[in-house]
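Reviewing the structure listed below.
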Amino acid sequence: MIPVDRGVGMSVTPIGCPAQNPIKEHACMSDVATPSRSRFSTLYSRKAQALPDAPRMAAAKGTPPRISFIYGFPDAASLPGQQVAEATARAMGHSADKALQYGGVLGVPVLIDELLAKLKADQKIEAEPENVIITSGASQAVELIMEALLDRGDIVLAEQPTWSGFNVGVNNMGGVVVPIAIDEQGTDVDLLEAELTRYRDAGTPAKFIYVIPNFQNPTGVTMTLARRKRIIELAEAFDTLIMEDDAYFDLRYEGDFLPTIYSMDPNQRTIYLGTFSKIMGAGMRLGWAVAPPELITKLSILKMEGGSGIFASYVAAEWVPKHLTGHIAELRTIYRQRRDIMLAALERHMPDGATWTRPDGGFFIWVTLPEGLNANELVTMSRERGVDFLPGSACYAGPGGENTLRLSFSFATDEQIPEGIEILGQIISDELREQGR
Ligand SMILES: Cc1ncc(COP(=O)(O)O)c(C=O)c1O
2 MIPVDRGVGM
12 SVTPIGCPAQ
22 NPIKEHACMS
32 DVATPSRSRF
42 STLYSRKAQA
52 LPDAPRMAAA
62 KGTPPRISFI
72 YGFPDAASLP
82 GQQVAEATAR
92 AMGHSADKAL
102 QYGGVLGVPV
112 LIDELLAKLK
122 ADQKIEAEPE
132 NVIITSGASQ
142 AVELIMEALL
152 DRGDIVLAEQ
162 PTWSGFNVGV
172 NNMGGVVVPI
182 AIDEQGTDVD
192 LLEAELTRYR
202 DAGTPAKFIY
212 VIPNFQNPTG
222 VTMTLARRKR
232 IIELAEAFDT
242 LIMEDDAYFD
252 LRYEGDFLPT
262 IYSMDPNQRT
272 IYLGTFSKIM
282 GAGMRLGWAV
292 APPELITKLS
302 ILKMEGGSGI
312 FASYVAAEWV
322 PKHLTGHIAE
332 LRTIYRQRRD
342 IMLAALERHM
352 PDGATWTRPD
362 GGFFIWVTLP
372 EGLNANELVT
382 MSRERGVDFL
392 PGSACYAGPG
402 GENTLRLSFS
412 FATDEQIPEG
422 IEILGQIISD
432 ELREQGR
């Protein structure tokens, strides 16, 4: 059970500046930020001045730990280097003049055709080229959508904990994340409805609802069909949009695929996001948004870069029809085994009182430690013993999750996982003993 630690009427911690927001419960960062002392301080925008001096997830100094559970990186050994080299040679053979040139802002048509075929076959998404924009990873799609929808102080409802990149993105845009708790069935839709109501009644309706329905980052939870349907109803009733981030859709290791929100939404209020990062290679930097054409047009105008990853797109358009399905099947076998190894190791090495999720897919297991333990305080100890993990609090827009951690099973090898979990188990047990428990 994931702790449901915020409820209606409880204090939320908006992370942007709710300048136009009557439900102003906290001072915003820009209000409280001390002006930068850098020699460029007079030149920085107010937004940049309000930023901290270092990224929130700055890489720790020193040699990286031997065993890493921290990032959602794909398995290094299974990256399809040779296949991509061959695909590159083929792409250069027939399309070097186009692949090495600027390209259209919406993306390379041959890749869009491949993507639409894949989305239809697997995600059951019926879309036309005018519904799609190729972006530099799903991250850029998220950024563009925020740019298109958010003014300073605007409200966004999002599962908390969530992908830390999302919280950072809203913060950068000056938006306000209102946390919606997530339990083992996904987003708490009753709380979502209550918050939608609360903000609408206050005259600041939510601009969109952000969800990761499959194998959520960071909890690993998959949203039930009933809740997906309820979110569609709520978006219509409250005249808002849904951002469905499905970065892990293909990486299901057990259970049946559930329909995407996009494919069930008769009101076309869903923006569907995906990426080749986890199923081909994150270095390709290819992601996409599928949305109503009018929104895609807005995104394309905001997208100063022009076409993203033109070279990579020609390579992917060669690789995808030949290899994608087989590669996904291989990845499922590799990651299923890693998940099972990690779950078995947790069973063996975690002290009483610790609990964790059992994801049907994706990259992450979410561990909840006994109350009173603070995962942030275990990070350094763990690093010194060669193991990295992500403290759960990094996945909250405001305070929360101090006794949680996210463990990624995608990157460490089969051999490293039991060793790393044993070390973590010892550190947590020692901490409990020190507290006299
Ligand atoms: C839920 C989620 N969305 C989006 C992304 C970004 O992916 P990309 O590499 O396509 O930018 C990630 C990456 O970890 C993620 O976990």
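In our numbering, the protein residues as written are 2 to 438.
Idealized CB from N, CA, C, for every residue including glycine.
C-alpha gap between residue i and residue j, whole angstroms
i, j, result
"Phe-365", "Met-93", "37 Å"
"Ala-55", "Gly-399", "18 Å"
"Arg-407", "Val-178", "20 Å"
"Gly-138", "Met-147", "15 Å"
"Asp-184", "Thr-220", "9 Å"
"Pro-162", "Pro-180", "8 Å"
"Asn-375", "Phe-277", "35 Å"
"Ala-90", "Gly-204", "56 Å"
"Val-526", "Leu-145", "The chain is shown only over 2 to 438; residue 526 falls outside these bounds and no answer can be derived."
"Lys-299", "Arg-286", "21 Å"
"Arg-40", "Ser-430", "47 Å"
"Ile-329", "Pro-392", "29 Å"
"Gln-427", "Met-351", "8 Å"
"Asn-172", "Ser-394", "16 Å"
"Ile-122", "Ser-264", "In the sequence on display, residue 122 carries Ala and not Ile. When rounded, the distance between both Cα atoms is 12 Å."
Opposing strand residues paired with residue i [DSSP bridges]
i, result
"Glu-245", "Val-212, Tyr-273"
"Thr-405", "Thr-369"
"Gly-187", "Asp-184"
"Glu-160", "Ile-181"
"Ile-329", "In the DSSP output, where bridge partners are listed per residue, Ile-329 has none listed."
"Ala-118", "For Ala-118, which the question treats as bridged, DSSP gives no partner whatsoever."
"Asp-389", "Ser-69"
"Val-133", "Val-291"
"Arg-253", "Gly-362"
Nearest-angstrom beta carbon gap, residue j and residue i [assumed within contact, 8 Å]
i, j, result
"Tyr-211", "Asp-247", "Going by Cβ atoms, the distance from Tyr-211 to Asp-247 rounds to 12 Å, so no, they are not a contact pair."
"Val-342", "Ile-418", "Note that residue 342 corresponds to Ile in the displayed sequence, not to Val. The Cβ separation is near 5 Å, so the contact holds."
"Tyr-254", "Lys-279", "That pair is no contact at about 13 Å."
"Asp-415", "Arg-339", "6 Å"
"Thr-136", "Ser-301", "The Cβ separation is near 10 Å, so there is no contact."
"Phe-311", "Val-109", "One detail in the question is off: residue 311 reads as Ile in this sequence, not Phe. Their Cβ separation, rounded to whole angstroms, is 6 Å, which keeps Ile-311 and Val-109 in contact under 8 Å."
"Gln-124", "Thr-326", "No, Gln-124 and Thr-326 are not in contact; Cβ-Cβ is about 14 Å, not under 8 Å."
"Lys-48", "Gly-175", "6 Å"
Given residue i as reference, the closest of the options once Cα atoms are compared
i, options, result
"Ser-140", "Arg-153, Gly-108, Val-169, Ile-156", "Val-169"
"Asn-268", "Gly-284, Leu-252, Arg-286, Thr-241", "Thr-241"
"Arg-270", "Val-111, Asn-132, Val-388", "Asn-132"
"Ala-317", "Asp-76, Gly-82, Thr-358, Ser-39", "Gly-82"
"Leu-107", "Gly-363, Ala-49, Gly-307", "Gly-307"
"Arg-434", "Pro-371, Gly-275, Ser-411, Phe-410", "Pro-371"
"Phe-167", "Leu-192, Tyr-200, Phe-209, Leu-425", "Phe-209"
"Asp-98", "Ala-290, Ala-118, Tyr-315, Glu-115", "Tyr-315"
"Gly-354", "Glu-432, Asn-172, Pro-214, Gln-84", "Glu-432"
"Gln-215", "Ile-233, Glu-234, Pro-206, Gln-186", "It should be noted that the sequence gives Asn, not Gln, for residue 215. Nearest C-alpha to Asn-215: Gln-186."
Buried versus exposed, by CB contacts within 10 Å (16 or more), residue i
i, result
"Phe-390", "buried"
"Asp-152", "exposed"
"Pro-53", "exposed"
"Glu-378", "exposed"
"Ala-77", "exposed"
"Arg-228", "buried"
"Gln-102", "exposed"
"Pro-1", "Any question about residue 1 goes unanswered here, given that the chain covers just 2 to 438."
"Glu-115", "buried"
"Lys-323", "exposed"
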